[in-house]
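Visitor: In this note's numbering, the protein residues as written are 1 to 295.
Using N, Cα and C, we set each Cβ at its ideal position, and we do this for glycine too.
Please read these numbers as outputs of a predicted model, since none were measured by experiment.
Sending over a structure as structure tokens; questions will come in a sec.
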Amino acid sequence: MSRFMNKDAVAGYIFAAPFIIGFLFLMVGPMGMSLYYSFTNFQLGRVPTWIGLDNYSRLFFNNFTDFHNSVMVTFRFVFLSVPVRMVFGLMIAYVLTRKMKGVHFYRSVYYLPTLIGGSIAVALVWGQLFQENGVVYNIFEAVGLSGVAWFDSVSLAIYPLVLMNVWQFGAAMIIFAAGLKDIPESYYEAAEIDGANKWQAFFKITLPCLSPIILYNLVMQTISAFMTFTQAFVITNGGPAGGTNFVALYIYQHAFVWRNMGYASAMSWILLLIIAVSTAIILLTSKRWTFYANE
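This is how it looks when you write it as structure tokens:
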């Protein structure tokens, strides 16, 4: 037994066991069950009955308008929030990797929204800021502009949620900062000798060297944006008129409000397919703009 326990492979499996068990029972198991439920008429509290592709047929034919609206709202949120969040995170990371006093303090401050941004309390406060007669509304009026009732407009309600998502740029910032520190200083010294200014060095050295990091952040931020739920659930509950009814929230409503778990499972797999296709498109097109500096 002692010789068996002293083997490197055995020790590795023992330390990895909590993750492996959690992955099997909390990820693979529920995913398998949801795939099965997507082919049934399962409702909470009732025994599921096999109905084949009826849930998917209902999704694309009977309720296509509602589902299509939810998908379009989600794509709009992704296209608005992810690029701004990436740019903002890169800008702050670039500034905070320069030599300056208190840089560690500022990094902690900028990362703080990421730690608390997904909480219910923060979402409630954010909703109060943008509601009619809220702080943002009063600021608009104070500078001579008419106050905007953000959450009463189908076209405007999504923008406070986008700003809240961008505000939580800390994770992207930390990854960008690590990538910036990994760029050799000799590249910038050679560029300076050749007469390049800071803007030229940024676009000709920094961005090319960061392109793999940009790709990683783009994939992770896109996946995260597609799964956005808390902000819409707490602040708008999908309103007004479905203007913020993201796919994740739409799935929740069918699963736990209307108790139609089979139909919600089918939508979950469609969302997974959407995320997989979006990620594949990013990865396949990345060869056109990702390259390492030594190339």
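1) Give me, in chain order, the residues of the same chain whose beta-carbon lies closer than 6 Å to that of S286; leave out the 5 immediate sequence neighbours on both sides.
2) Go ahead and pull the three-state DSSP assignment for W289.
3) What's the gap between the Cα of Q43 and the Cα of F79?
4) Please state whether the Cβ-Cβ distance between V109 and I116 is less than 8 Å.
5) By the DSSP assignment, the alpha helix (DSSP H) with Q181 in it spans what residues?
6) Spell out a yes or no on whether the stretch 54-62 and the stretch 266-285 are touching, meaning 3 or more CB-CB pairs, one atom from each, closer than 8 Å.
7) Quick one: is R85 buried, meaning 16 or more other Cβ sit within 10 Å of its Cβ, or exposed?
8) Quick check: the Cα distance between G239 and Q221, rounded to an integer number of angstroms?
9) Is it buried or exposed, E295, if we count other Cβ atoms within 10 angstroms and call 16 or more buried?
10) Checking the sheet assignment: what are the DSSP bridge partners for T40?
11) When you compare each of F176, V247, W199 to H68 by their alpha carbons, which one comes out closest?
12) I need the straight-line Cα distance from L273 to A9, nearest angstrom please.
13) Could you say if the stretch 172-191 and the stretch 82-99 meet the contact criterion of at least three C-beta pairs nearer than 8 Å?
14) Whole angstroms is fine: what's the gap from M33's alpha carbon to I51's?
15) From M164, L161, E192, F130, pick the residue whose C-alpha is nearest to that of V148; which is it?
16) Are the beta-carbon atoms of G262 and Y37 separated by less than 8 Å?
17) Below 8 Å CB to CB, which residues in the same chain sit around V296 once its five sequence neighbours on both sides are set aside?
18) Taking only runs of the beta strand (DSSP E) that begin and end inside the stretch 71-131, which ones reach a length of at least 3 residues, in chain order?
19) Let me make sure I understand the geometry here. Which of T228, V166, A196 has the alpha-carbon closest to that of L90?
20) Let's see if you can read the secondary structure: which residues bound the alpha helix (DSSP H) around I251?
21) Report buried or exposed for I235, applying the criterion of at least 16 other Cβ atoms within 10 angstroms of its Cβ.
22) Please classify Y292 as buried or exposed, where buried requires at least 16 other C-beta atoms within 10 Å of its C-beta.
23) Label N245 either buried or exposed according to how many other C-beta atoms from any shown protein chain fall within 10 Å of its C-beta, with 16 as the threshold for buried.
24) Taking only three categories from DSSP, how would you classify D66?
25) Let me confirm a value: W289 is counted as buried when at least 16 other C-beta atoms fall within 10 Å, else exposed. Which label applies?
26) Can you tell which of I193, L180, A201, L96 has its C-alpha closest to the C-alpha of L210?
27) Quick one: grab the DSSP three-state call for D194.
28) By DSSP, does R58 sit in helix, in strand, or in coil?
29) Taking the beta carbon of L24 as the centre, do at least 16 other beta carbons fall within 10 Å, making it buried, or is it exposed?
Guide: Inspection of the coordinates gives the following:
1) L215
2) coil
3) 34 Å
4) no
5) According to the sequence shown, residue 181 is Lys rather than Gln. Start and end: 170-181.
6) yes
7) buried
8) 24 Å
9) Note that E295 scores 47 on pLDDT, short of 50, meaning its location in the model is unreliable and no value can be drawn from it.
10) W50
11) V247
12) 35 Å
13) yes
14) 15 Å
15) F130
16) yes
17) Outside the displayed span of the chain (1 to 295) sits residue 296, for which this structure offers no information.
18) none
19) V166
20) 247-252
21) buried
22) Because Y292 carries a pLDDT of 49, less than 50, the predicted location of this residue cannot be relied on, and the following value inherits that uncertainty. It is exposed - the Cβ of Y292 has fewer than 16 other Cβ atoms within 10 Å.
23) buried
24) helix
25) exposed
26) L180
27) coil
28) helix
29) exposed
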